[in-house]
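*Asks:* Heads up: the sequence shown runs through residues 1 to 125, numbered per this note's numbering. Even glycine gets a Cβ: it sits at the ideal position worked out from N, Cα and C. These numbers come from a predicted model, not from an experiment. Shown below is the structure under consideration.
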Amino acid sequence: MKQSLPPEIASPIHAAVAEWTRDKKTARLWDRDKTLWTGADEDRWPGWLDIADRQLEQSERFQKIASDVKAKGYPDAVLPGMGGPSLCPEVLSVTFGRQQGFPVLRLQQIGQCARAEHCGSRHGD
Numbered sequence: 001m002k003q004s005l006p007p008e009i010a011s012p013i014h015a016a017v018a019e020w021t022r023d024k025k026t027a028r029l030w031d032r033d034k035t036l037w038t039g040a041d042e043d044r045w046p047g048w049l050d051i052a053d054r055q056l057e058q059s060e061r062f063q064k065i066a067s068d069v070k071a072k073g074y075p076d077a078v079l080p081g082m083g084g085p086s087l088c089p090e091v092l093s094v095t096f097g098r099q100q101g102f103p104v105l106r107l108q109q110i111g112q113c114a115r116a117e118h119c120g121s122r123h124g125d
């Protein structure tokens with residue numbers, strides 16, 4: 001598969017990649033180097049870098065929650081969201097589909113339903 005960038009953005013992107021390579025910015029990102037940011041509060045955001053490791057440390061807790069949910073037979077799980085933060089659960093739901101014995105994940109954008117018991121699926125049922 002051959003990929004290419006539109007000409008109007010190719011040069012700036014290639015320059016940014018060269019700068020990140022030359023200045024070892026990827027390693028600096030993993031080291032949480034504050035100088036990569038604007039000086040605002042971005043240096044407080046890099047928790048996503050090691051989130052997978054931190055979540056793996058909680059695997060027993062998540063297994064217990066999953067067992068409890070399955071045992072109680074909940075038909076639906078409503079996840080209120082606001083744009084981007086609800087994208088990951090939606091992608092995972094679409095990717096892995098309905099799991100036998102677990103509730104259907106219902107994603108609702110904040111403002112679409114006033115109270116959880118009035119929320120239907122994302123398709124309005």
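For Ala77, name the three-state secondary structure that DSSP assigns.
*Replies:* Residue state, collapsed to three classes: strand.
*Asks:* Using a Cβ-Cβ cut-off of 7 angstroms (strictly less than) and excluding sequence neighbours within five positions of Gln109, which residues of its own chain qualify?
*Replies:* Hits under 7 angstroms: Gly81, Met82.
*Asks:* Where does Gln55 fall in DSSP's three states?
*Replies:* In this structure, Gln55 counts as helix in the three-state DSSP scheme.
*Asks:* Please say whether Leu105 and Ala77 have beta carbons closer to each other than 8 angstroms?
*Replies:* Taking 8 angstroms as the Cβ cut-off, Ala77 and Leu105 qualify as a contacting pair.
*Asks:* Have a look at Gly73, Leu87, Ser86 and flag the residue whose alpha-carbon is nearest the alpha-carbon of Phe102.
*Replies:* It is Gly73 whose Cα lies nearest to the Cα of Phe102.
*Asks:* Which of helix, strand or coil does DSSP assign to Met98?
*Replies:* A quick correction: the sequence has Arg, not Met, at residue 98. Correct three-state label for Arg98: coil.
*Asks:* Considering only their Cβ atoms, is the gap separating Asp31 from Trp37 smaller than 8 angstroms?
*Replies:* Contact flag unset, no.
*Asks:* For Pro75, collect the residues of the same chain with a Cβ closer than 8 angstroms to its Cβ; drop the 5 residues on either side in sequence, then sort them by chain order.
*Replies:* For Pro75, where only same-chain residues beyond five positions count, the Cβ hits under 8 angstroms are Pro103, Val104.
*Asks:* Assuming the contact rule is C-beta atoms closer than 8 angstroms, Leu79 and Ser86 should be a hit. Round their C-beta distance to whole Å, please.
*Replies:* Yes, Leu79 and Ser86 are in contact; Cβ-Cβ is about 6 angstroms, under 8 angstroms.
*Asks:* Residues bridged to Arg106 by DSSP?
*Replies:* DSSP output for Arg106 lists Val78 as bridge partner(s).
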